[in-house]
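Student: Just passing along the structure, written as structure tokens.
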Amino acid sequence: MLIILSAEFCFLHVSCVFPGLCSSSEDLDVRLGFDLCTEEHDFLCKRKKYVAAALKKVLQLEEDLQDDEIPVVAIMTTGGGMRSLTTTYGSLLGLKKLNVIDCAMYLTGLSGTTWAMANLYRDSDWSWKDLEGKIDEARKHVTKCKMGSFSTERMKYYSKELCQRKQEGHRTSAIDLWGLIVEYLLHDGKDIHKLSDQQQAVDQGQNPLPIYVAINVKDNYSTLDFKDWMEFTPYEVGFMKYGAFIRSEDFGSEFFMGRLMRRLPESRICYLEGMWSSLFSFNLLYIWNLKNPLLASFAEEESVLPMRPCEQKTQLFTPAGPFSSVLRGALTDRISVAQYHSFLKGLQLHKDYLENDNFCRWKDTVLDTSPNQLTETGEYLSLVDTGFFINTSCPPLLRPERKVDVILHLNYSAGSQILVRSCKYYAEQGIPFPKVVLSEEERKNLKECYLFEDAETPGAPILLFFPLLNDTYQSYKAPGKLSTIAKHLE
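The sequence shown runs -24 to -1, 1 to 466 under mature numbering (1 follows the signal peptide of the UniProt record, and there is no 0).
Quick look at the structure:
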């Protein structure tokens, strides 16, 4: 017997084999539908008063803005490891000085940018405070010796944490180990914060809503052939393509047919940071190789984006010791993939799913016409850094339900290739987005800011593009310290 969940925007149905299973989607633990969750709607209402006041100040308006006059402004970042961590802090410091952060509803990130975001949202009022102190703290950690991440003491800690995580019911992998290393690189001790804790930083609308991005992949398919966009907010985790979302504190728990079957402890934020930045987990083996010369070289200092991350080969030597079995299991697993219990398990697509506009917006894989392969009864999601496909965190902002009017695109990689590639992808998907036209000369010598808009395309946001320019970097030997040559030139 099939039970159709016929909510207005819902196209998933449950294959029902148990008597008494509720037929209403409201009785499920997986929220089915493409609308924003109630908590996000409440946030937007509260945030508007801050945005309206900030825009009045920034634009020097004489009168207050009415609710329907307040634009939805979003700050979007790209990834890049420690580079994106440091540039995120710098960008936000500059935007704060201009009072622009208070104008933003959303802040999105991926990869290394999520490290800065997760740190900031530990503080419930971060955007109202001086960021210099947080930047000083980040600088201290960025410049400290990385070799301590593989000290005997840390090895014991990793072993203990991985064993505990496995006992809780989570599936451990190299990405979990990478997350623990990220924790060491960014903090002085254990970071107990979780994604759901960040609700305290947005419950009054006092900061932009953070959205973290990852993609779900499949064995034997490149990210060009198959990927599903996933978004993470303090309220929910879910798939934009399927309109399936769960509470952030339930991510990683076991679901079946839309019901929560077994609640697992919510993962600490460091494990999510490891997954969001899994592209840089290759550096894990690079560091390990420095510590253990017998380890065959695997990762380059600048990781090359693989087309098939699940097929990367590793060659590993783990020294004998009491922790070798745990670390061997983590390091020999698929190096770039983090696996979590799938909350889509037991759900199947409606027979008319290909007629759904929201699904078609993100219909970009070779399996889209094979519904049994899209939402098969697999136990786990296989999540990787979005950088394995495109180094952008923009897709969640292009959900029509969010009605984003202006996007500040902060680019943390050289050139404009990321933006150009993203625009090509959106055009292929039929997603409203302004056309980006740069001359050959502009591509070689980018300016500090570009404005792109497309008034002829309904729903296309205005795009402000800020390239990464290092005009002054060559004059400094350290942050804030001029080089000897630069001093003489002065």
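Built from N, CA and C at the ideal position, the CB exists for glycine as well.
Compute the Euclidean distance between the alpha carbons of lysine 73 and serine 103, then round it to the nearest angstrom.
Tutor: Across the structure, lysine 73 and serine 103 are spaced so that their CA atoms are roughly 11 Å apart.
Student: Using three-state DSSP, classify valine 27 as helix, strand or coil.
Tutor: helix
Student: Taking all protein chains shown into account, decide if leucine 395 is buried (16 or more other Cβ within 10 angstroms of its Cβ) or exposed.
Tutor: Classification of leucine 395: buried, given that the 10 Å Cβ count is 16 or more.
Student: Check lysine 110 in the structure and name its three-state DSSP category.
Tutor: helix
Student: Mind pulling the beta strand (DSSP E) runs of 3 or more residues that sit fully within the region 56 to 123?
Tutor: 82 to 85
Student: Using only alpha-carbon positions, find the residue among Phe365, Gly214 and Asp381 that is nearest to serine 318.
Tutor: Gly214
Student: Taking only the alpha-carbon atoms, compute the straight-line gap between threonine 89 and methionine 237 and give it to the nearest angstrom.
Tutor: 33 Å
Student: Which residues in the same chain as aspartate 340 place their Cβ atom closer than 7 Å to its Cβ, once the five residues preceding and following it in sequence are excluded?
Tutor: Excluding positions up to five away in sequence, the list reads Gln405.
Student: Is the beta carbon of leucine 20 less than 8 Å from the beta carbon of methionine 93?
Tutor: no
Student: Are the CB atoms of serine 392 and leucine 422 nearer to each other than 8 Å?
Tutor: yes
Student: For the beta strand (DSSP E) containing aspartate 204, list its first residue and its last residue.
Tutor: 204 to 208
Student: According to DSSP, is phenylalanine 335 helix, strand or coil?
Tutor: Phenylalanine 335: helix per DSSP, three-state reduction.
Student: What does a CB cutoff of less than 7 Å around tyrosine 43 pick up in its chain, not counting 5 residues either side in sequence?
Tutor: The sequence shown places aspartate at residue 43, not tyrosine. The answer, listed in chain order, is Lys24.
Student: Buried or exposed: where does cysteine 246 fall if 16 or more other Cβ atoms within 10 Å of its Cβ makes it buried?
Tutor: buried
Student: Indicate whether the contact test is met: 3 or more Cβ pairs, each with one atom in the region 121 to 134 and one in the region 154 to 164, closer than 8 Å.
Tutor: yes
Student: Measure the alpha-carbon distance for serine 300 versus proline 241 and round it to whole angstroms.
Tutor: Because serine 300 sits at a pLDDT of 48, beneath the cut-off of 50, its placement in the model cannot be relied upon, and the point is left open.
Student: Could you check which residue in Ile366, Leu343, Leu69 and Val6 has the C-alpha nearest to that of isoleucine 222?
Tutor: Val6
Student: Between the Cα of tyrosine 402 and those of Cys425, Glu432, Trp338 and Asn367, spot the shortest distance and give me the residue it belongs to.
Tutor: It is Trp338 whose Cα lies nearest to the Cα of tyrosine 402.
Student: Compute the Euclidean distance between the alpha carbons of aspartate 106 and glutamate 424, then round it to the nearest angstrom.
Tutor: 25 Å
Student: Report the three-state DSSP secondary structure of valine -11 (helix, strand or coil).
Tutor: Confidence at valine -11 is low in this model, with a pLDDT of 44, below 50, so its placement is unreliable and the value that follows should be read with caution. Note: valine -11 maps to strand in three-state DSSP.
Student: Return yes when the Cβ of valine 189 is within less than 8 Å of the Cβ of glutamate 207, no when it is not.
Tutor: Valine 189 sits close to glutamate 207, with the two beta carbons spaced by under 8 Å.
Student: When DSSP labels each residue in this structure, what does arginine 397 get in the three-state scheme?
Tutor: helix
Student: Would isoleucine 51 be called buried (16 or more neighbouring beta carbons within 10 Å of its own) or exposed?
Tutor: buried
Student: Between which two residues does the beta strand (DSSP E) harbouring serine 358 extend?
Tutor: 356 to 360
Student: With DSSP as the reference, identify every bridge partner of isoleucine 438, one or two as the case may be.
Tutor: Val382
Student: Within 10 angstroms of the Cβ of glutamate 416, are there 16 or more other Cβ atoms? Answer buried if so, exposed if not.
Tutor: exposed
Student: Counting pairs of beta carbons, one from the region 193 to 206 and one from the region 345 to 361, are three or more of them closer than 8 Å?
Tutor: The region 345 to 361 and the region 193 to 206 touch, with three or more beta-carbon pairs separated by less than 8 Å.
Student: I'd like to confirm the pairing. Which residues does DSSP put opposite valine 230 in its beta bridges?
Tutor: Before going further, note that residue 230 is glutamate rather than valine in the sequence given. In DSSP, glutamate 230 forms a bridge with Arg238.
Student: May I ask which residues mark the beginning and end of the alpha helix (DSSP H) holding threonine 53?
Tutor: Counting along the chain, threonine 53 falls outside any alpha helix (DSSP H), though it belongs to the beta strand (DSSP E) covering 49 to 53.
Student: Rounded to a whole number of angstroms, what is the C-alpha to C-alpha distance between proline 282 and phenylalanine 256?
Tutor: Since pLDDT at proline 282 reaches only 41, below the 50 mark, its modelled position is unreliable, and the value read off the structure follows with that caveat. Answer to the nearest angstrom: the Cα atoms are 12 Å apart.
Student: The beta strand (DSSP E) with glutamine 315 in it runs from where to where?
Tutor: From DSSP, the beta strand (DSSP E) with glutamine 315 extends over 314 to 317.
Student: Where do the ends of the beta strand (DSSP E) carrying proline 347 lie?
Tutor: Not the beta strand (DSSP E): proline 347 falls in the alpha helix (DSSP H), residues 347 to 350.
Student: Any idea what DSSP makes of glutamate 432, helix, strand or coil?
Tutor: coil
Student: Go ahead and pull the three-state DSSP assignment for glutamate 38.
Tutor: coil
Student: If you follow the beta strand (DSSP E) that tyrosine 188 is part of, which residue opens it and which one closes it?
Tutor: 185 to 192
Student: Look at the alpha carbon of arginine 239 and the alpha carbon of phenylalanine 227, and state the distance between them as a whole number of angstroms.
Tutor: Looking at the backbone, the Cα of arginine 239 and that of phenylalanine 227 are separated by about 9 Å.
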